[in-house]
Amino acid sequence: MSEQAADTAVLVEERSFPPSPEFAAAANGTQDLFDRAGEDRLAFWAEQARRYVKWDKDFEEVLDWSDAPFAKWFVGGKLNACYNAVDRHVEAGIGDRVAFHFVGEPGDHEAVTYADMHVRVQRAANALIDLGLRAGDTVAIYMPNTPDAVAAMLACARIGAPHSVVFGGFSAEALRTRIDDVGAKLVITGDGLYRKGAPYALKPVVDEALASGETTVENVLVVQRTKQEIGWVEGRDHWWHEALEAADPTHEPEAFDSEHPLYILYTSGTTGKPKGILHTTGGYLTQAAFTNHVVHDIHPETDVYWCTADIGWVTGHSYTVYGPMTLGATQVIYEGTPDQPHKGRFWEIVQEHKVTILYTAPTAIRTFMKWGRDIPEQFDLSSLRLLGSVGEPINPEAWIWYRDVIGGGQTPVVDTWWQTETGAIMITPIPGVTAARPGSAQHPIPGVSALVVDDEGRPVERGSAGYLVVTEPWPSMLRGIWGDPQRFKDGYWSRFPGIYFAGDGARLDEDGNIWISGRIDDVMNVSGHRLSTAEVESALVSHAKVAEAAVVAASDEVTGQAICAFVILRQDAVEEADEVGEGAELVAELRNHVAHEIGSIAKPKKIMVVAELPKTRSGKIMRRLLRDVAEHRELGDVTTLADASVMNLISAGIASGK
Ligand code: WTA
């Protein structure tokens, strides 16, 4: 069993919070869903597909698993995802419903209705066609978190051009790798965005990304947001607002096959190369909308829902764009950081827009805890009736604080486990049904079969820990890794043949609840962002002064995990460092280098310069020992080290601050 899986055994939390009878009576999710899914899983999903999605042509077969692990869901069905997110609501006569209350960081507001979105996506779709885009072409989106970013994604979906959104915090280098891997013909970006109280440029990053070598990118569309000075490449660059204005205002959405690629989203795996996770249309939309309805309990007529994730992550894709818009929900979308211009910004937004459902990450909750309850207590949060958590394990203390301080001690809290790969929520309490257990994601949703298994793939007994797996295909599952079918098979389906290996450790408690402990591979989770140790290591060794690097994740009170790097300098750099005594400067230089290579989310919290790294006789770095150092623990077993004295050197160097 993995080390992390064993760690969870210390977590014991017995409190239980059943839903209030009033909440349960009005809730979308009911016990009946579990019963029906239990009777006939595929019939259950067929029912959800027809309930939540409008099909241009009904499907003939629910699941084709003959080419496993490449699934085909709702075979023969045809639909348009953008039509489902926008047009259908206008046709149903609710076009004047607000789709987004946009809140810009500097304080600007814009209410965008479904009818407004309808105008925007039609013009944008035509603008893309005018630029030569056709179904099957790919588009990279590198944008601020605004309704225009949503419109850009939906315009791509409308014409069948899979989008690949790259989080606005990624560097030029990271953006370029993703553009190249997906072969994007177009980049949609912004001049900049507002973050941490200041304009932050995006367009220059795109320019830098496209500057060198041959690129597949033919055009760049630029949304105007900050109006800052930017460079311009004539013929390649076009203003979004001008292109939309020049475009035909009407566009008939085309029906695409249920398995038509909807998007590719890159995420970190165990190697340095990010994986392009591929999602297709019908199954993805079905599970995103279904879970958003029954887990977040959205009542589109009355709720104001706010998912705080950026559209650059899968949470923004499924629970800002495709899920809630398919349901016709009213949402808040916020551009900036939670402490701008003050630490009560989130609560001010909740108060002002009477947010009823809030979906955020444990790292944010722990930050709010650290800032103190007196901040949220200054605001009226009584509109909130449901709280959700996603992205990393939530510790019971943070869960209780969230419910007590933000939820007034009343609201259900749903701790939702899922991944970029799963596309939608997989394990979570259902708020009107499940008695919630703080810190546990609890049970698979109706229609999903997840288990905790041991090394041999056998289900563990209650009270034991093991690996989290999914034993049956599910509608929103990834359809593969872009351009790398073998990596898809090897990475997810070979550890236990025929079943999906999630890469997370988990424990099953005495009551049958699932507790996710975190990654058991070399993937780190920093503030809910996935990064691989190899990615950060290769960024470090690309610096001229670094000979070797080893990266580990150390547990961190606020960010869940923090990146801790051990580096060996090249000989000339060591001599130079000694002469000018640039220890702190060098560390700052290396941190900035990582930010330049990947993005600031990957900056190591700590960098320790060491003379040697602990290796086994076969040359494998023993990260376990480095984690012990990083977490200031007594060292574990060192007997397999090639040279056991290395650890003394490292520990001594750290103690002396070198
Ligand atoms: C972790 C984010 C515990 C987990 C939607 C998973 C969680 C990885 C939870 C996926 C949760 C996500 N409890 N751990 N409720 N939700 N994780 O792809 O390690 O960015 O494998 O998707 O986050 O991260 P990703």
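In this text, residue positions in the sequence shown follow full-length UniProt numbering: the first is 1, and each later residue adds one. Backbone N, C-alpha and C define an ideal beta-carbon position, used for all residues, glycine too. In this text the structure is predicted, and so the values were computed from the model without any measurement.
To the nearest whole angstrom, what separates the beta carbons of Leu626 and Val552, a pair I think is in contact under 8 Å? Contact flag correct, Cβ pair sits at about 5 Å.
Next on the checklist: At the level of alpha carbons, what is the spacing between Val558 and His529?
Outcome noted: So the two alpha carbons sit approximately 13 Å from each other.
Query raised in the report: To the nearest angstrom, how far is it from the Cα of Trp55 to the Cα of Asp509?
Result: Approximately 41 Å, taken between the alpha carbons.
Length of the line joining the Cα atoms of Ala289 and Glu47: Using only the alpha carbons, I get a separation of about 13 Å.
Could you check if Glu535 is buried or exposed, using at least 16 other CB atoms within 10 Å of its CB as the buried criterion? In this structure Glu535 is buried. Its beta-carbon is surrounded by 16 or more other beta-carbon atoms within 10 angstroms.
- Query: By Cβ distance, which residues of its chain are closer than 6 Å to Arg385, with the 5 residues on each side in sequence left out?
  - Reply: Here the set comprises Thr356 and Thr411.
- Just grab the DSSP bridge partners of Glu263 for me. This sequence places Tyr at residue 263; Glu is not what is there. Note: Tyr263 sits in a beta bridge opposite His163 and His279.
Margin query: Using the three-state DSSP reduction, which class does Phe256 fall into: helix, strand or coil?
Written below: Strand, per DSSP.
For Leu244, collect the residues of the same chain with a Cβ closer than 8 Å to its Cβ; drop the 5 residues on either side in sequence, then sort them by chain order. Answer for Leu244: Arg120, Arg123, Ala124 and Ala127, listed in chain order.
**Item:** Start and end residues, beta strand (DSSP E) containing Ile188
**Value:** Per DSSP, the unbroken beta strand (DSSP E) holding Ile188 starts and ends at Leu186 to Gly190.
### Whole-angstrom distance between Tyr83 and Gly76, CA atom to CA atom
The alpha-carbon atoms of Gly76 and Tyr83 are separated by roughly 18 Å.
### Task
Would you kindly check if the distance between the Cβ of Val390 and the Cβ of Gly29 is under 8 Å?
Result no, Cβ atoms of Gly29 and Val390 do not sit closer than 8 Å.
Cβ-heavy atom distance, Pro431 to the ligand WTA, below 7 Å
Not one heavy atom of the ligand WTA is found less than 7 Å from the C-beta of Pro431.
Using only the heavy atoms of the ligand WTA, determine whether one of them is closer than 7 Å to the beta carbon of Val448. No, Cβ of Val448 sits at least 7 Å from all heavy atoms of the ligand WTA.
Any non-hydrogen atom of the ligand WTA within 7 Å of Ser393 CB | Ser is not the amino acid found at residue 393; the sequence shown has Pro there. At least one heavy atom of the ligand WTA is nearer than 7 Å to the Cβ of Pro393, so yes.
Self-check item: Nearest-angstrom Cα separation, counted from Ala547 out to Pro324
Solution: The straight-line gap from Cα to Cα measures roughly 48 Å.
Along the chain, which unbroken stretches of the alpha helix (DSSP H) at least 4 residues long are found entirely within the region 462-545?
-> Scanning the region 462-545 for uninterrupted alpha helix (DSSP H) segments of 4 residues or longer gives 485-493 and 533-541, listed from N- to C-terminal end.
Alpha-carbon to alpha-carbon, Arg195 and Leu221: Computed Cα separation, rounded: 21 Å.
How would you call Gln442, buried or exposed, if buried means at least 16 neighbouring beta carbons within 10 angstroms? Burial check for Gln442: the Cβ neighbour count within 10 Å reaches 16 or more, so the residue is buried.
Exercise. In terms of alpha-carbon separation, which member of Glu634, Leu79, Gly192 and Val433 lies closest to Phe21?
Worked result: For clarity, residue 21 is Pro in the given sequence; the question names Phe instead. Taking only the C-alpha atoms, the option nearest Pro21 is Val433.
* To do: Buried or exposed for Gly505, please, with buried defined as at least 16 other CB atoms from any protein chain shown within 10 angstroms of its CB.
  => So Gly505 counts as buried.
Practice item. Leaving out five residues on either side along the sequence, give the residues of the same chain with a beta carbon under 6 Å from the beta carbon of residue 709. Key: There is simply no residue 709 to check, as the chain begins at 1 and stops at 658 in what is shown.
Exercise. Given that a residue counts as buried once 16 or more other Cβ atoms are within 10 Å of its Cβ, and exposed if not, what is Ser555?
Worked result: Ser555 counts as exposed, since fewer than 16 other beta carbons sit within 10 angstroms of its beta carbon.
Proximity test, Trp313 beta-carbon vs the ligand WTA heavy atom, cut-off 7 Å:
Because some heavy atom of the ligand WTA lies under 7 Å away, the Cβ of Trp313 counts as near it: yes.
Hey, does Leu569 have any beta-carbon neighbour from chain D nearer than 8 Å?
Looking for chain D here will not work: only one protein chain is present.
Please confirm whether Gly160 and Phe256 have their CB atoms less than 8 Å apart.
Contact check for Gly160 against Phe256 passes: the beta carbons are separated by less than 8 Å.
Q. Roughly how many angstroms separate the alpha carbons of Ala201 and Glu214, rounded to a whole number?
A. Going by the C-alpha atoms only, they are around 24 Å apart.
#### Entry: Ala502: CB within 7 Å of a non-hydrogen atom of the ligand WTA
True, at least one ligand heavy atom lies under 7 Å from that Cβ.
### Query
So, do the region 220-239 and the region 493-504 have three or more beta carbon pairs nearer to each other than 8 Å?
A contact between stretches requires three or more CB pairs, one per stretch, nearer than 8 Å, and the region 220-239 fails this requirement with the region 493-504.
Q.
Taking its Cβ as the centre, do 16 or more other Cβ atoms sit within 10 Å of Lys603, making it buried, or is it exposed?
A. Result: buried.
**Q.** the ligand WTA heavy atom lying under 7 Å from the CB of Ile516
**A.** The beta carbon of Ile516 sits closer than 7 Å to at least one heavy atom of the ligand WTA.
Can you grab the Cα-Cα spacing for the pair Thr286 / Pro475, in whole Å? Here the alpha carbons of Pro475 and Thr286 stand approximately 7 Å from one another.
Decide yes or no for the touch test of the region 395-403 against the region 256-266: beta carbon pairs closer than 8 Å, at least 3 of them. Here the region 395-403 makes no contact with the region 256-266; the two share fewer than three CB pairs at distances below 8 Å.
Residue range of the beta strand (DSSP E) that Glu110 falls in? First-last of the beta strand (DSSP E) with Glu110: His109 to Thr113.
**Q.** Sub-8 Å separation of Pro444 and Ile427 beta-carbons
**A.** With a cutoff of 8 Å on beta-carbon distance, Pro444 and Ile427 are scored as near each other.
So does Met561 have its beta carbon nearer than 7 Å to some heavy atom of the ligand WTA? First, the residue type needs correcting, since residue 561 is Gln and not Met in the sequence shown. Checking the Cβ of Gln561 against the ligand WTA gives no.
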